[in-house]
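Line order of the protein sequences matches chains A and B. Position 306 of the first sequence, counted from 1, bears residue number 305 in numbering that gives the first Met the number 0, the numbering being contiguous throughout. Position 175 of the second sequence, counted from 1, bears residue number 174 in numbering that gives the first Met the number 0, the numbering being contiguous throughout. To keep things clear, I will list the structure first and then write my remarks on it.
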Amino acid sequence: MKSVIAENLVKTYRKGAVRALDDLSLDVEEGTVLGVLGPNGAGKTTTVRVLSTLLEPDSGHATVGGIDVIKNPKAVRQIIGLSGQYAAVDETLSGWDNLVMFGQLYHLSASQAKARATELLAQFTLTEAAHRPIKTFSGGMRRRLDLAASLIIRPKVLFLDEPTTGLDPRGRMEMWGVIEGLVREGVTLLLTTQYLEEADQLADDIVVIDQGKVIARGTSDQLKDQVGGERIEIVVAQENLVKAQEVIERVTHGRATVDPGIRRISVPVLDGTQSLIAVIREFDSSGIHALDLALKRPSLDDVFLSLTGHVAEAEIPVDEGKKKGARK
Amino acid sequence: MNGIKDALVITKRQLLQLARVPEVLIFNTIQPVMFVLLFRYVFGGLGAGIKGGYVQLLMPGIFVQTVTFTLAATAQGLAQDMEKGLIDRFRSLPIARSALVVGRTLGDALLNIVVLVVMGVAGYIVGWRPTSGPLHIFYGFLMLLFFGYALSWAGVFAGLMSKDARVVANVSFLFTFPLTFLSNAFASTTSMPKALQYFAEWNPVSTMVAAARQLFGFHNTFGVTAHSFPSEHPIVASFIYMVLIMAVFIPLSVNRYKNANRR
């Protein structure tokens with residue numbers, strides 16, 4: 000069963016001059032993770048805003064948990080959790096205050112709200128900081144609290160809009176761990192990201208979007224296969240470069256490319272490990288010493304580049320204050 | 000019913016904020032008290048000939064000025080929620096569309112109760128003596144509270160329109176500050192240029208000041224508009240203004256909230 004369906008969504012701004020969503024369709028199978036991957040301004044956030052009832056599309060149709068987001072937004076809000084790019088919690092209050100408040104807004108009783116807050120703070124390792132104002136939290140802690148706030152009612156469908164943008168590597172790893180935990184519990188998750196490795200790490204399926212359109216869809220492996228199979232990359236000493244190239248081409252029956260600057264020979268192969276072993280044997284008997292040697296799959300970066308013709312702009316983490324000012 | 004409960008949760012949030020950052024409450028009460036003292040002693044001499052002295056004329060004016068500034072407070076509070084993305088969180092919750100803004104306006108009204116009480120006491124200390132009896136004094140304060148509440152809705156709209164909390168606070172202040180001075184709040188309008196008198200005397204602030212003075216037992220003087228409806232029936236006129244302000248800004252605000260979009 001599909002938990003999320005979006006069909007032909009269109010959203011334009013400035014009287015059609017900007018097409019934030021341009022006939023975008025996607026769906027998420029129940030209990031799976033869909034990664035929505037795209038550069039800044041591709042339409043990721045707009046997609047999430049439409050699906051989480053914050054924004055009405057100009058045209059198109061969408062359901063979440065079988066409920067129409069345009070016709071029945073209030074029912075959709077009962078079953079979703081949303082955590083955005085900005086940690087949307089009250090900074091003057093403590094984590095505890097925030098979770099109890101949001102619990103009450105989800106119409107839990109006061110005691111239920113308190114019990115749930117205690118539970119969530121423990122789950123996200125925030126118990127110790129529970130009564131500190133959010134202002135004193137690190138970026139990673141804020142994000143975790145924001146995520147906790149979106150999980151109060153144990154939503155059927157969770158939307159995470161760039162959950163790790165702006166976090167330092169450690170914060171990101173922590174966040175990934177938390178998200179992986181949620182996925183194991185079986186939540187249906189739609190996650191947007193501009194980090195290719197993040198989609199790789201967390202998502203079952205990936206849609207790549209650019210300029211408001213879906214330009215590719217598949218598992219991480221399928222997308223990589225679209226670009227091509229594996230490559231062997233070998234670095235040898237300068238004096239062995241020519242001979243090594245000849246050996247590699249003979250063994251793999253492929254056309255090798257040589258980067259003389261870094262003395263690296265690269266060749267596409269079909270049966271990756273087999274070819275690699277064959278090359279190593281042949282090197283051994285020819286007396287060539289490999290300085291470095293690797294079997295490489297194309298990265299999602301390669302995928303992105305070949306699909307869009309431009310590199311995914313990995314946003315440099317800037318401080319929150321600066322980002323707030325950068326509105327479109 | 001749930002709508003009211005939701006709004007009260009939001010109001011409670013605001014009270015919690017005040018508990019966590021008590022400086023806000025302290026500053027919010029010190030400022031009007033400071034105004035009372037400054038005006039009372041700087042312009043006190045203007046009261047020659049006024050029965051009971053200038054402070055009788057001043058206090059209703061300063062009460063109205065203070066509740067008028069609620070507009071800026073509400074605007075700033077909501078603009079901050081917009082800026083931090085909190086509005087998105089609230090809008091993604093299964094709560095009434097009105098809950099956040101109703102809760103905010105109620106919270107600001109509660110804050111006004113505290114401020115009005117403190118100012119009243121300060122006024123009494125510097126010689127303010129309303130003569131109309133406890134019931135009318137109570138009505139006077141109640142009306143001030145309503146006036147602040149009505150203006151709070153203009154603040155809601157301003158806050159939801161804005162992109163920057165500091166800008167909206169400054170703009171609201173730039174709008175409300177002259178409004179409170181181009182009125183009868185601190186000086187009789189009869190000394191103003193004639194053209195200005197029309198504005199000053201039809202200004203809702205003046206009408207409210209006149210209503211408060213009447214309820215506290217003090218006589219108003221009007222200039223060019225001496226026989227106009229607001230000057231003769233300031234209480235009714237003030238209520239008409241309040242209803243008008245809310246009739247315009249409540250639907251505008253709720254609509255704006257529904258479509259609030261940070262981008």
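By construction, the Cβ of each residue, glycine as well, lies at the ideal position given by its N, Cα and C atoms.
Leaving aside the five residues that flank residue 155 of chain A on each side, the residues in its chain whose CB is nearer than 6 Å to its CB run, in chain order, 64, 78. Residue 24 of chain B sits close to residue 17 of chain B, with the two beta carbons spaced by under 7 Å. Straight through space, the alpha carbons of residue 126 of chain B and residue 69 of chain B are spaced by roughly 26 Å. Between residue 186 of chain B and residue 245 of chain B, the C-beta gap is not smaller than 7 Å, which leaves the two residues out of contact. Scanning chain B for C-beta atoms nearer than 9 Å to the C-beta of residue 76 of chain A yields 90, 91, 92, 93, 94, reported in chain order. Judged by beta-carbon spacing, residue 73 of chain A lies beyond the 7 Å limit of residue 45 of chain A, meaning their Cβ atoms are not closer than that value. Residue environment: residue 40 of chain B is assigned as exposed (fewer than 16 neighbouring CB atoms within 10 Å of its CB, all protein chains considered). The Cβ atoms of residue 236 of chain B and residue 63 of chain B do not sit closer than 7 Å to each other. By the 16-neighbour rule on beta-carbons within 10 angstroms, residue 260 of chain A is exposed.
Around residue 106 of chain A, the beta-carbon contacts reaching into chain B at under 9 Å are 1, 4, 5, 93, 94. Boundaries of the beta strand (DSSP E) harbouring residue 158 of chain A: 156 to 160, taken from the DSSP string. Near chain A, meaning a CB-to-CB distance below 7 Å, the residues of the stretch 11 to 29 of chain B are 12, 15, 16, 19, 20.
Chain A places a beta carbon closer than 7 Å to that of residue 8 of chain B, counting this residue as a contact. Annotation for residue 65 of chain B: the continuous alpha helix (DSSP H) segment containing it runs 53 to 67. When 7 Å is used as the limit between beta carbons, residue 107 of chain B is near no residue of chain A, the shortest such separation being about 16 Å. Contact between the stretch 31 to 44 of chain A and the stretch 189 to 209 of chain A is present: 3 or more CB-CB pairs across the two stretches fall below 8 Å. By alpha-carbon distance to residue 27 of chain A, the top candidate from A:228, A:305, A:243, A:157 is A:157. About 13 Å separates the beta carbons of residue 41 of chain A and residue 8 of chain A, which is beyond the 8 Å limit, so they are not a contact pair. For residue 232 of chain B, no beta strand (DSSP E) segment is defined, and its DSSP state is neither H nor E. The three-state secondary structure of residue 17 of chain A, taken from DSSP, is strand.
Scanning its chain for C-beta atoms nearer than 7 Å, with the 5 sequence neighbours on each side dropped, one finds around residue 182 of chain B the residues 199, 202, 204, 205, 208, in chain order. Pairing residue 95 of chain A with residue 116 of chain A gives a Cβ-Cβ distance under 7 Å. At a cut-off of 7 Å, the C-beta of residue 140 of chain A has no neighbouring C-beta in chain B.
Cβ-Cβ separation between residue 214 of chain B and residue 135 of chain B: approximately 5 Å, consistent with a contact (criterion under 8 Å). The alpha-carbon of residue 219 of chain A is positioned some 16 Å away from that of residue 25 of chain A.
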